Each structure stands twice: as C-alpha cells, then as structure tokens.
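Engineer: Per mature numbering (1 follows the signal peptide of the UniProt record, and there is no 0), the sequence shown runs over residues -29 to -1, 1 to 960. Note that the Cβ used here is the ideal one computed from N, Cα and C, for glycine as well. These numbers were taken from a predicted model, which means no experiment stands behind them. Let me begin by handing over the structure; questions about it come next.
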Amino acid sequence: MAYWGQRPSAPQEPLLWTCVCLSCLLCRAAPPNQVNLLDSRAVMGELGWIAYPKNGWEEISEVDENYTPIHTYQVCNVMEQNQNNWLQTIWISNEGARRIFIELKFTLRDCNSLPGGLGTCKETFNVYYFESDDEDGRNIRENQYSKIDTIAADESFTELDLGDRVMKLNTEVRDVGPLSKKGFYLAFQDVGACIALVSVRVYYKKCQSILHSLALFQDTITGADSSSLVEVPGTCVNNSAKDDTPKMYCSADGEWLVPIGRCICKEGYEEQKNVCQVCKPGFFKASPYSPSCSKCPPYSYTHKEGSVSCRCVESYFRRDNDPPVMACTRPPSAPQNVISNINKTSVILDWSPPIDTGGRKDIKYIIVCKRCSVDLFQCEECGSGVRYIPQRSGLKNTSVMVMDLLAHTNYTFEIEAVNGVSEMSPTPRQFVSVNVTTNQAAPSLISVVKKKKVTKNSIALNWQEPDRPNGIILEYEIKYFEKDQETSYTIIKSRETQITADGLKPTTVYIFQIRARTAAGYGDYSLKFEFETSPVSLPAGDQSQVPIIGVSVAVGLILLAVLTGLLLSGRRCGYSKAKQDPEEEKMHFHNGHIKLPGIRTYIDPHTYEDPSQAVHEFAKEIDASCIAIERVIGAGEFGEVCSGRLKLAGKREFPVAIKTLKVGYTEKQRRDFLGEASIMGQFDHPNIIHLEGVVTKSKPVMIVTEYMENGSLDTFLKKNDGHFTVIQLVGILRGIASGMRYLSDMGYVHRDLAARNILVNSNLVSKVSDFGLSRVLEDDPEAAYTTRGGKIPIRWTAPEAIAYRKFTSASDVWSYGIVMWEVMSYGERPYWDMTNQDVIKAVEEGYRLPSPMDCPAALYQLMLDCWQKERNSRPKFEEIVSILDKLIRNPCSLKTLVNSSTRMTNLLVEHNTTGLNAFQSVGEWLESLKMGRYTDNFNECGYTSLDIVAKLSLEDLRRIGVSLAGHQKKIMNNIQELRVQLMNGSIAM
C-alpha cells in the first residue's frame, strides 16, 4: 500500500497541449455569496500538491498574457496498463463551513482519437477527500479517503482540436458535507485517462450581510445539507428598537428567506429610506409604533430635534393619560341657560353645556347647594341632608333633581362645568348660579311607631313626628284595620303623637298607618305596622275549667299535628292543596296535583320528594353517544356551555346547545342543575327555548336544548346597532311577549326577564330562556311568590317585588317593559351607570326611563304602561301581544316618533341640548347621534363644519367610510333635518 509523501521513481512524458492559451477561459470571477477556500488560479508560487507515482500527474506552470501564473496538472499514461495515479492537495481549512463545494475545470482527450484506439484508455477520473483537524495527517493511506464522485467530461478533444488550438474546457461542481473537522485534503485519482486539471476551486456558500427592516443580518455560512435553513437573528441599527425580534433564514444557496419581525424607529425618529431620521423642531414622535413624526398638535410646541412630545402653551394643559397627539386643552367656560322647576321641597335644575368646552369631550358638572337668608347676603352649605338624583358631582347629563330641601327657604345653586384639566388650571372656578325659594310642602313619612299598651280590646300607640314636618303639624290621621281586611278600615284623628284604638277584637292582628297634616296638606301614610291584641282572660270563678281547657287544647294540638303530618306526607309525594270546586268529580290528579281537563298547568319540581323523579317525568333521557360536543361557547353557573350535534335514531343530525355540570359537583348542585330541565321540559311553545333532553346516567351530566345561532339578545343587538327596521324589532318584541303569555297562562312567573335571558336564532325568532330564578304561582292568579332572600336584578324588577319580595305576572310585565327599552336602544344598559340604590329611589319617586332615540310613540307608551306603579294597572301579556299585532298590521302607526322637544324631563340619563345651535363642531353633532366613531373620517375628508356636512350625499357617506346601512340611514336622516334648519336660517354657521 502506497503512502502519500513518497517520491515517484520515474519522470512522466510531457503532454502535447501544454502550449494552449488558457487565460481567456479562466477570467470569470466567483459570485459574491461564495467564499474561496482554495483557488489554484490565485496561487502565485507552486501549489505544493503531491503526486504519486512521479510519472503520474505532472504540474505544468505557465503565464497568461498578463504574466499571471497558471498552474495545471496533467496526466496521459494511456499506453500502460493498470494506472493508479494520485494527486493530493495541501490541507484546506473549512473556516467553519460544514458543506463545501469543489469546482473542477479540466480538458480530456477522446480515447478514440488516440493512435491505435487503445483499449486501456479511460475518459473519467475520481475525486476523494479526507477530513483532518490539522496538517499532520498528510501521510495517509489511499483507503482512508472517502470518494466524492467519478468525474466524466461533457466535452473531449481530438488531435484535430490540437491543431486548431481549440480548447474544450469542462466544468464540474460537486459538494461535500456535512463536515465535522476543521479541514480536509482533496485527492484526484487517474486510472488511465488523458486529462489536464486546469483549475481547482474549493469554496463554501454564505448569505451576505444585509440591512432589512432596520435590522442588520451578518454574513452567515449556509447549513450542512442542501435542504437546511439557518435561522439568523437581526440586530437593530440606527436608532431603532425591536418590535418583534427580527430574524431571517439563510438558505443552502446563500439567499435570505422568510423575513420575520422587524425593528422600528425609536421615539423621536422616523423611518426614511431604511434609515431612522431624527424628528425636526416643531415635530414629534411619541411612540415607536407611530409611522412618522407628527406636527405638534394645537396649542403646543417643541424647539428641539428628536422630541417625543410637545409642551402646552400657557393656560393650556394635557393630562397624563391624554394621548400626545391630542391638542392641549383648557377648562370649560361656565354652563348657561339654567332653568329651575320647583316642586314643593324639590328643585329640578336644567342647563345648557358651556359655549367653550376647552377642546375636550369629558365635560362633567358639579352642583353646590347653599341655603341663604332672605336678602341672599348670607349663605351656608346645605350639608348632607340634601339628596341629589342622580348625583351631586361627576354629572354627565345636564339635569339634576335636588330633594329633601326645607320648605319656604331661599337657596342658591351653583353649577360648575369641569373637564379633565380643570384641576390643573390655577384660574378661578367658572360657574353659573340660580336662586330659588321652595314652596310649602306636606310632611314627610312617619318612620317610628311604638306600642305603648295592649289589652284584649285596645291598643295604645305613640310615634315621633316626621323628620321633615315642612311646617306646623295641625293633626295626625291614623288608619287601622284587621290584617287581610284592608278594604274595611277605621280612621282616627289626633293632635297629639299618641292615640288609643278601642273596640278591637281579642287575639287579632291589626295594621296601623299614620300620616301628618300641615297647611300644605297631608303627607303620605307611613309603612304598615302590625300589633296584636291580648287573648281573652278567664274570670276568677272559672279556674276549675282550666284543666278541661288544657285537655281540649292538648287534644286540638294532637289533631292539628296529625293533620299537618298527613298534609306534609301528601306534599312529599307531590300533592298540593286545591280549591274546592263544585265539579270536583271532573278534576284529575297528576302526581298529586289537581288538573282540569284540557288545561295545561305548570308543576313545581320542588314539590317532589325526589327531584330526579321530576327530571325523568318531564325530560327525555338521551344516550351520551348520540351527542358530539364541538366547541365551548360560554360558561354557566354550573359548568361550561357548548355547541354540538345531536343524532337521534330515525332522525337527521341537528345542532344543539349543551350545558354541562362541572366535575366535583355536590348533590345539591346536581338537583339545582337538573331542576331547570324539569321546568323547561314542561313548556312547548315556539317562543320558549326547547328542551331536547338530559344526560343523567353518565358523566358529565348534561342538559341539551335547541341551538340558537345568534346567542343572547342583548349581545346580538349591540353587535348590530342600527341594522334593523322598526318592524323587525317589534317582531322580536312580539315573540317575547307571546312566550311570556304562554308562561303566564300556565301560572308561571319568570322573575328574571331581561334581554340577556332571551335567545335569538338565525331567523330572528326570539325565545325566552334561563329559568334559574323562576318560581311557580299558586292557583290564585293574584298570588305572589316570596323569595327566600338572594339577589334580585334591580334594574329589571318591579318596585313591589323589590320592596316586598312579591313576584307576580304583573312584575314580569314591568320587566318586559325594560326589555322593550333594551331592544329599542340596541342593548343599552338600563339606567346607565346609576347605582342600584339610586335606581330604587328614583323609580319609587315616579321617574321612568326616557324614550330611546327614534322610538315610535306607540311603543314608548306601551313601555310606560308596563311601568305603572300599581301592578293591577299594568297590561296583561295577552293585551301586549294584541297591541303589538295591531302595530305590525298597521306599520303607519309606528311612524310617529317621540318628539324630543316634548319629552318629559328625566334626570336619570345624559341628554343632548335641544337644537343644533348647541353643536360647536361636527364631532359634537356626531356624538349626539351616537356616531362619534366617524369623527376622524369626517375631518380627514374635509367635512369640518355643519354647512359642509349638510351637502353630503349617500355616496359621499360611503366614500367617507360609513359602510353600515343602519348608520348611513341614521346620519342621512339627520342631515335632512340639518338642511331644513339651514334653509330656515335657524342655524348660524
């Protein structure tokens, strides 16, 4: 076995074509993404390669016309058998590359052109490599080399070509990898060819450094194989910072691919031609995410380069949470046009917004109440005894009601407008004041009544005079009656704060109510106070009857206990007490409940001793294998709410909603969860959510109902604000009323009727759902269910239900009126941001929600009817359905809208000033229409004043960017009104 480094024994004959000029064939430069590790053309001296044997490869050195050395190795031992000529390069460092390329340029003699057609002639040669960490591995065996490939020529030359001095140069490229050591040797093996190795270039590929998206990506060597991508992080340059970490991938061909992330110019700099330029004086950039430097907003300035904000000029301010692009602002001027409306000891104040808002929209109002002397020269703060509805400070609306004032007293009210920068300004308060004098008023309620003495026939009482007598008390009126006999009562009058009611029955509960009278009239009756007379006492001579009476009482108690036990055992079995009926033989029992033929009555699942019995009676059991849960769509009180598919035998698969009971539930939670199914399963109406069935025999426990594509009504309305016609909205309301009529007819009270508990399907059919708070009524249609505590949805609940925990179908009608308001206002929150306590007080004092914008007068009147204080004055659901049917059949009746100029003053909501003269800008006008989201669109398109806006067409509106049909209709309707007022000269532009 031969070793490299041994000297060859015999010289080789020179080849015939060494005189051919090669310089013109070797002048091409390497591409920029290739880094040469070895280039035989660039070596000035000897190459230092080793040939074995010596009569094999021979180095021929020449110069081109520029006297640049050209090194070639040639071999042409075609006359001899068994050729094995090796040529080894010097050690080549791979410089960290794991994949290298070898470019060979060579010429090869056509064996057929040789004299005699030598059979031993070859037209190929072999290329090998050997890896080594240093140059000490030069003496290596041939069998230690790894073969790269056998190289064949595409073009070979003949003797004729030699005569014409025509060179047919071949170029072949091979790659090697992955490499694991620091360097390698190359070796070329000739086995009998006539070949000249003209050029050997060894190189690797890299991705050249590049600047992309303000990130610098350094030179990167390609990967170890032809399919690898090398991830390269970029470095932010030139006053830029990372937005999302910039990176690119270097491909095997030395090209950058898949840019991800970017760098963005820092605050105070903007990107121009892939360079971050500093912001000029008068311009700023507050956020790296801003596209460019912006001019300082109004009333602000900066005199330096690279500013991140602009300073406000004198008397103008900017809050910390104001965006830097917002103009500097100042406090507003005082409100104007204050109007007072006195009602006994209450004052309603209305005013107009300030002329100058200071450039801000966050205007709020503060009320200062002062009680003054007759000449108004001496005033003092009213103190905490005065009530304000909705509140004293932080008012967004331009109305307030001040209550609990003193009668015949002078007051001064100061109304101050403030905005977000008022506290930052050193200037004095800007307010408007109004002087009022309260009227004589009736006394307030008597709150404390005490029992003084009680006998079998009389009750003596005393009480405290009202907290606010509002004058001299002339007398008191006392009304009393037996409990549950309110229609038959007695009235006593007294000048003192005590009375004795005589002639009463022994052992009887009496109800007392007291009111006071002044020159202004009677106040309201107090709350009801209950007192019971004493039992009859026995005469002294009848003491002997005590044992007999005791025995009688004991026997009576025993009988009562037995009777009670029988009744309770019957109720545990599902029986309930029924009224006597002359046609008793026609009555039927259903699980112990009396039912009349042909009349479907709701049965309370709580009357069952075993609640699971009610579930199995009213709900169908579904095998869990029939249900395919697809995705979670919400979360309920007991677990997740999902959508999925139900496939029952003999039926097509259809979508369903699935309520699941969470893991780890208690037995009570299971009963409560399935209780809703027991309720729902008794209903069958197109406007009541339909129960498909339950899963109780496997886990998780599930309730399966029909699937309502559009979800809850309140969310659906908010998403589609302004999209529906009035008829469509009335249709939704009619469906809800129809479902509630059905429930009412079954003797059922919902207790939690609200838009959030109404579901809507893809056909806009509305269905009542969520029976978690619902309870059954007894047979008496006027009976009510008394809650056992718990939370009540105050904003939707009737006053009597809040005060006395009494729920009837009439209280459901009140809630339905609130739902009507929600629907017509597209999901607005009832009573806005008022607290529950303020809502209770305001409703009790007679105030009602105002008409929603563009609400037909007939619908608002129906709302007010539903909100009658006396529950017997409210319409029944049957009447509501009839009214809505008439409106649907006669759409013209819905064209009359509630006139904003005649709407009742309401202190519960924020309202706009009547008349377009109050609008200082297009933005304020849009805000009044609840279309403030388009303010920037109008301003950017040049519609900056109301007279220009009045010329807008529907096409212009679309071009501005108002794409929703409902919004287009609302704005165009108000533009028409704007045009009319412009023509009448009622707006000064």
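Assign F254 to one of three DSSP states: helix, strand, or coil.
Structural biologist: Strand at F254.
Engineer: Excluding the five sequence neighbours on either side, which residues of its own chain have a C-beta within less than 7 Å of the C-beta of I470, listed in chain order?
Structural biologist: Same-chain partners within the cutoff: L432, I449 and I463.
Engineer: By DSSP, does A774 sit in helix, in strand, or in coil?
Structural biologist: Helix at A774.
Engineer: Could you check the C-alpha separation between K738 and A726 for me, to the nearest Å?
Structural biologist: Their backbone Cα atoms lie some 10 Å apart in a straight line.
Engineer: What residue range is occupied by the uninterrupted beta strand (DSSP E) comprising K118?
Structural biologist: That run of the beta strand (DSSP E) goes S117 to A123.
Engineer: Let me confirm a value: S487 is counted as buried when at least 16 other C-beta atoms fall within 10 Å, else exposed. Which label applies?
Structural biologist: Going by the sequence as given, residue 487 is Ala instead of Ser. Per the 10 Å Cβ criterion, buried.
Engineer: Measure the alpha-carbon distance for R904 versus S265 and round it to whole angstroms.
Structural biologist: One C-alpha to the other measures close to 22 Å.
Engineer: Taking the CB atoms as reference points, tell me whether P477 and T458 lie closer together than 8 Å.
Structural biologist: No, the Cβ-Cβ distance between P477 and T458 is not below 8 Å.
Engineer: Quick one: what's got a C-beta closer than 8 Å to F502's C-beta in the same chain, skipping five residues either side?
Structural biologist: Excluding positions up to five away in sequence, the list reads K422, V425, I430, L432, V480, Y481 and F483.
Engineer: As a quick exercise: from L150, W20 and N210, pick the residue whose alpha carbon is nearest that of N110.
Structural biologist: The option with the nearest alpha carbon to N110 is W20.
Engineer: For G682 and S853, what's the separation of their Cα atoms in angstroms?
Structural biologist: About 27 Å.
Engineer: Once the 5 residues before and after E94 are set aside, which same chain residues still bring their CB inside 7 Å of it?
Structural biologist: So the qualifying residues of the chain are L79, C82, A123, A124, S127 and A164.
Engineer: Around the Cβ of L347, are there at least 16 other Cβ atoms within 10 angstroms (buried) or fewer (exposed)?
Structural biologist: By the neighbour-count rule (16 or more Cβ atoms within 10 Å), L347 is not buried but exposed.
Engineer: So what's I462 in DSSP terms, helix, strand or just coil?
Structural biologist: Strand at I462.
Engineer: Suppose you measure from the CA of L724 to the CA of K922; what does that come to, to the nearest Å?
Structural biologist: In a straight line, the C-alpha of L724 is about 45 Å away from that of K922.
Engineer: Buried or exposed: which applies to R800, given that a residue is buried once 16 or more other Cβ atoms fall within 10 Å of its Cβ?
Structural biologist: Exposed, because fewer than 16 other Cβ atoms sit within 10 Å of the Cβ of R800.
Engineer: Roughly how many angstroms lie between the CA atoms of A68 and V6, to the nearest whole one?
Structural biologist: Cα to Cα, the separation comes out at about 10 Å.
Engineer: In this structure, does DSSP put M943 in helix, strand or coil?
Structural biologist: In this structure, M943 counts as helix in the three-state DSSP scheme.
Engineer: Report back the beta-carbon spacing between Q115 and F96 to the nearest angstrom; my notes put them in contact at under 8 Å.
Structural biologist: Not confirmed; about 19 Å, so no contact.
Engineer: Helix, strand or coil: how does DSSP classify H42 here?
Structural biologist: Strand at H42.
Engineer: In this structure, how does DSSP classify G903 when only helix, strand and coil are distinguished?
Structural biologist: Residue state, collapsed to three classes: helix.
Engineer: What is the DSSP secondary structure of N312, counted as helix, strand or coil?
Structural biologist: If DSSP states are grouped into helix, strand and coil, N312 belongs with the strands.
Engineer: On the three-pair Cβ rule with 8 Å, is the stretch 592 to 602 touching the stretch 640 to 648?
Structural biologist: No, the stretch 592 to 602 does not touch the stretch 640 to 648.
Engineer: Given this structure, state the Cα-to-Cα distance separating A257 from T206, to the nearest angstrom.
Structural biologist: Cα to Cα, the separation comes out at about 23 Å.
Engineer: Could you give the residue range of the alpha helix (DSSP H) that holds T471?
Structural biologist: T471 -> not in any alpha helix (DSSP H); beta strand (DSSP E) instead, spanning Q469 to A472.
Engineer: In terms of residues, what are the limits of the beta strand (DSSP E) holding residue 1019?
Structural biologist: Coverage of the chain is limited to positions -29 through 960, which leaves residue 1019 absent and any answer about it impossible.
Engineer: In three-state DSSP terms, what is E948?
Structural biologist: Helix.
Engineer: So, is the C-beta of C340 closer than 8 Å to a C-beta in chain C?
Structural biologist: Among the chains of the structure shown, chain C does not appear; only one protein chain is present.
Engineer: Tell me whether T806 is buried or exposed, calling it buried when 16 or more other Cβ atoms sit within 10 Å of its Cβ.
Structural biologist: So T806 counts as exposed.
Engineer: Out of S222, D594 and V634, point me to the one whose CA is closest to L619's CA.
Structural biologist: The option with the nearest alpha carbon to L619 is D594.
Engineer: According to DSSP, which residues form a beta bridge with V814?
Structural biologist: In DSSP, V814 forms no bridge with anything.
Engineer: Could you tell me if K941 is buried or exposed, where buried requires 16 or more neighbouring beta carbons within 10 angstroms of its beta carbon?
Structural biologist: With 16 or more Cβ atoms within 10 Å of its Cβ, K941 is classed as buried.
Engineer: Report all residues from its chain with a CB closer than 6 Å to the CB of I674; omit the five preceding and five following residues, and keep chain order.
Structural biologist: If we look at I674 and ignore the five residues flanking it on each side, its Cβ neighbours are K630, A648 and V665.
Engineer: With a threshold of 7 Å on Cβ separation, who are the neighbours of F589 within its own chain once the five nearest residues in sequence on each side are excluded?
Structural biologist: These residues qualify, in order along the chain: S649, G652 and Q653.
Engineer: Flag this pair as touching only if the stretch 688 to 697 and the stretch 608 to 628 have three or more C-beta atom pairs under 8 Å; answer yes or no.
Structural biologist: No: the two stretches stay apart, fewer than three of their Cβ pairs being nearer than 8 Å.
Engineer: Using a Cβ-Cβ cut-off of 6 Å (strictly less than) and excluding sequence neighbours within five positions of V526, which residues of its own chain qualify?
Structural biologist: For V526, the predicted model reports a pLDDT of 44, less than 50, meaning its position is unreliable and no value from the coordinates is stated.
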